[in-house]
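Count along the sequence shown from 1, then add 155; that gives the number in this note's numbering.
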Amino acid sequence: MNMTRILTLLAAMMIIANVLWGQSPSFRSYLNPVIPGDHPDCTLSRIGDDFYTTGSSFNVTPVIYHSTDLVHWEAIAQPVSAAWSGYGDAPGGGCWGGQMVLYNGSYWHFFSRANTMHFVKAPDPRGPWSMPVKVNNPPRLPYTLGYDNSIFIDDDNKWYLVVKNGQPNNGIVELNAEGQPGGALYNLSWLNPAPSYPYSWAEGPVMWKYGGYYYYSFARDLGGGQKVMRSRTLTSAQDSWEMLGDFFNEADPQKNSSLFTSPNHASQAILLDDSTSWVVHPLYAKGEWKGQGRQGLLNQVRYSTTARPVADYPVNQSFTAPALSSSGIPWMVPKSDFFTAPDLHPEWSFLGNTEKTKFSLSERPGWLRLSPKSTAKANTVNKNDGEHNYALITRLDFTAKTAADQAGLWIMRGDEQMALKLVSTLGAGAGKTISFNFVTTKYEAENSMGDTLWLKLERINHKISGFYSPDGNEWTQVGQPVDISQIDSYSDFSTFTGTRQGLYVSGSSSAWFDLYIYRDAYTPILAECPANQIGTSRTYINGGYVLDNIHGNDWALYAGVEFGNAEYQKVPDSLKIVAACGSSGGTVEVWLDSLDSGEKIADCAINSTGGWRTFQTLAFAVKPVTGRHDVYLKFTGVETGKLFQIHSFYFTSRNVPSSAQPGSSGTVQPGRYGLEQNYPNPFNPSTNIQFEIPRRAFVSLRVYDLLGRVVAELAGREYGEGTHTVKFAAADLANGLYHYSLRSDDFTRTRKMMLLR
């Protein structure tokens, strides 16, 4: 067979594999972490073709994440409300452990609060979730249920709470249909007995079944080490359990150079239809980025011929992704939010107990009202801070009455004892002031714009710069960049929480936030910081890192880039790339959301700049685009060696005039999300529902009754850009009020309709 036929055959095989797997080439590999930022003590559940992970959150409101491919994750729910009076409000408090499962038709989430086990229930993983119910301690167990937990469901549909309380106490407790202990108890206190404690704390226990064995895996402690044992029967008898030793491949030759070290607290091993098995697990990065917390990693589990499981060590390399479809879920980084949904997106968390009166999305449509908890207690909505480069932007309306009244952006250390803030406040002379401060460093600028202004924090690794603007177009820097290495490198084993970013208010006045942008397309994006990539590496040149070793067919992903919409009125008109080239060069293809099914918006030819250390800013035309996208840079060229090096890139914008708002006499900005009122309404027995999306995306459209139960799923697939209409037939439903909810990317909209016969 000649080379041409071989290449043709290989190409055909790749196409077939893509069809069968539903995978883009951009989704066939991944870099860890797949959930950047704090994701401690994570568990993993497979329910049909969907995967869910959650775990400890501590003082941060817990989040349930959903995936269809184990690589791309989305925040879909907060199972425990911050308004629950039992939540508490202290660093390191809140919710410990946690797992969501489907059992007997309901979704259950078990967690511990203050060393007491609870559960909540929901008809759907997205909620609504009930208020917590205490799990009773079984009197036959010589210790309480404790703080670390997971759920194991056996082949006979019996389900068990896998618990941990203190160093010597591990156990497995059968649950009844009401989620309370009932039935068998397996006391495994022989596993880690006092006073020697051979496995340190033997914490975070999880269970699964494979090849006729029950596997029980546990972490030594936060310092690292994951062990696994197995038994043919579910029993408390020590001689029936075989200790297999290390769960992760501690013999990997790349172990010592890995950014992430000493894996522990792994989830259950989840078996896929292709017989591969996988775990998610939380892990600190070494050294200077340890403060970002235990980030969410994915690794494959491989069974030996004797059915001993060994998980891949989290070394610094691209891994082959599971053979699953991503279903349009973007890479998991914080998302922009324009506060147009009726409910706060579950990606946002509060700190500790927060009454529902302390925030609102309905009092002023399109704005989030955030109120201090008290004059002595600030309030915040926050997200994981897991990346090294981004630009946060908000538009703020706030009237400060005293210097204690502050509102704006902040980056908070996990123990809540240190934060960087960019806020609107009053200065020493009682004049309106923009304050940018961290520890003993404080910069101030006079606020001549009034109560409504724009704020921006720009992160370049450990350096943070603060800016303000009257209109979101022309920015003025406040003071000098501040180094927050004290936050980025800090972790402690008592509060357990990683760095957070978000919106902040303190004092006595409420603040109104119009939007929150995570990665602004018009602020330089460091090429050295891709979320995922193939083939490239970092090199230190001219006092900083660049993306290097770029060859043909390599690519790099930069996630969650916000280009603009009707709220953030910008459209790109060019792309600037800061690059150096000492060869004949090549081309940067700029793709949105995927390398094959996405949209290509630019071809950027980079030729010789005169040398590998001669960086130039090169400008290229780009197609207009709106909304938030994952941006892929694909590299092509005829060179066999490296093509070029890239320091950074950013888009320049043309501002859309304010007259271009929907409903005005001006030209409407291209592309928007929308969910129209059904027609007719009231209806009998069918009605039409129309929605609009600005680009190809996965769309979920569901109908709910007043109890929050799903009564119809009208859409659950990808749709192309434009307006779409679906029909809802309700011949089998009772008269009454129903809700229909559209979800696509970070857009959520819910409307009411009436069935009236």
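All C-beta atoms, glycine included, are put in the ideal place defined by N, C-alpha and C.
Note that the structure is a prediction, hence the values are computed from the model and not measured.
### Query
Do residue 438 and residue 452 have their C-beta atoms within less than 8 Å of each other?
yes
### Query
What are the residues that DSSP puts in a beta bridge with residue 333?
Answer is none; residue 333 lacks a bridge partner.
### Query
If we call anything under 8 Å between Cβ atoms a contact, is residue 714 one with residue 682?
no
### Task
Taking only the alpha-carbon atoms, compute the straight-line gap between residue 774 and residue 496 and give it to the nearest angstrom.
37 Å
### Message
Tell me whether the stretch 451-467 and the stretch 657-670 touch, counting them as touching only if at least three CB pairs, one residue from each stretch, are closer than 8 Å.
### Response
no
### Task
Give a yes or no on contact between the stretch 573-585 and the stretch 689-707, applying the rule of three or more CB pairs nearer than 8 Å.
no
### Query
Tell me which same chain residues have a C-beta within less than 6 Å of the C-beta of residue 403, skipping the five on either side of it?
381, 418, 466, 468
### Task
Determine contact between the stretch 475-490 and the stretch 561-578, defined as no fewer than three beta-carbon pairs at a distance below 8 Å.
no
### Sheet register partners of residue 318 (DSSP bridge)
326
### Task
Assign residue 703 to buried or exposed, taking buried as 16 or more other Cβ atoms, counted over all protein chains shown, within 10 Å of its Cβ.
buried
#### Entry: For residue 551 and residue 559, believed in contact at Cβ under 8 Å, the rounded distance
About 17 Å; that fails the 8 Å criterion.
### Query
How should residue 509 be labelled, buried or exposed, when 16 other C-beta atoms within 10 angstroms of its C-beta is the threshold for buried?
buried
### Task
Tell me, please, which residues DSSP counts as bridged to residue 536.
Answer is 658.
### Message
Among 539, 759, 786, 329, whose alpha-carbon lies nearest the alpha-carbon of residue 338?
### Response
329
### Task
Write down the C-beta distance between residue 712 and residue 759 rounded to the nearest angstrom, noting that I regard them as a contact closer than 8 Å.
Contact flag wrong, Cβ pair sits at about 16 Å.
### Task
Specify the secondary structure class of residue 313 as computed by DSSP and reduced to three states.
Here residue 313 sits in coil by DSSP.
### Task
Round the Cβ separation of residue 865 and residue 895 to the nearest angstrom and send it over; I've been treating them as touching at under 8 Å.
With a Cβ gap of about 11 Å, residue 865 and residue 895 do not count as contacting.
### Task
Please list, in chain order, all residues of the same chain as residue 366 whose beta carbon is under 6 Å from its beta carbon, the five residues on each side excluded.
By the criterion of a C-beta distance shorter than 6 Å, residue 366 is surrounded in its chain by 462, once the five residues flanking it on both sides are discounted.
### Message
Is the beta carbon of residue 897 closer than 8 Å to that of residue 830?
### Response
yes
### Message
Rounding to the nearest angstrom, what Cα-Cα distance links residue 815 and residue 844 in this structure?
### Response
Note that residue 815 has pLDDT 33, beneath the 50 cutoff, so the model's placement of it is unreliable and the number below is only indicative. Approximately 26 Å, taken between the alpha carbons.
### Message
Measuring straight from C-alpha to C-alpha, what distance separates residue 350 and residue 589?
### Response
The straight-line gap from Cα to Cα measures roughly 57 Å.
### Query
Do you know offhand how far residue 659's Cα is from residue 533's?
7 Å
### Query
With burial defined as no fewer than 16 other Cβ atoms inside 10 Å of the residue's Cβ, what is the status of residue 834: buried or exposed?
exposed
### Task
Verify whether the separation of the beta carbon atoms of residue 409 and residue 470 is less than 8 Å.
yes
#### Entry: One or two residues paired with residue 913 in a DSSP bridge
Nothing about residue 913 can be reported from this structure: the residues present for the chain run from 156 to 912 only.
### Task
Please name the residue, chosen from 646, 756, 542, 770, that lies closest to residue 786 on a Cα-to-Cα basis.
The shortest Cα separation from residue 786 among 646, 756, 542, 770 belongs to 756.
### Task
Compute the distance between the beta-carbons of residue 648 and residue 740, then report whether it is under 8 Å.
no
#### Entry: DSSP-derived helix/strand/coil call for residue 643
helix
### Query
Any idea which residues DSSP pairs residue 809 with across the strands?
726
### Close Cβ partners of residue 204 (< 7 Å) along its chain, the five nearest in sequence each way excluded
223
#### Entry: Residue nearest to residue 911 in terms of C-alpha spacing, selected from 357, 902, 885
The option with the nearest alpha carbon to residue 911 is 885.
### Query
Rounded to a whole number of angstroms, what is the C-alpha to C-alpha distance between residue 236 and residue 216?
7 Å
#### Entry: Three-state secondary structure (DSSP) of residue 163
The pLDDT assigned to residue 163 is 41, lower than 50, so where the model puts this residue is not dependable; a value taken from the coordinates is nonetheless given after this. In this structure, residue 163 counts as helix in the three-state DSSP scheme.
### Task
Out of 618, 697, 305, 295, point me to the one whose CA is closest to residue 340's CA.
Nearest C-alpha to residue 340: 295.
### Query
Comparing alpha-carbon positions, which option in 623, 838, 863 lies nearest residue 909?
Taking only the C-alpha atoms, the option nearest residue 909 is 838.
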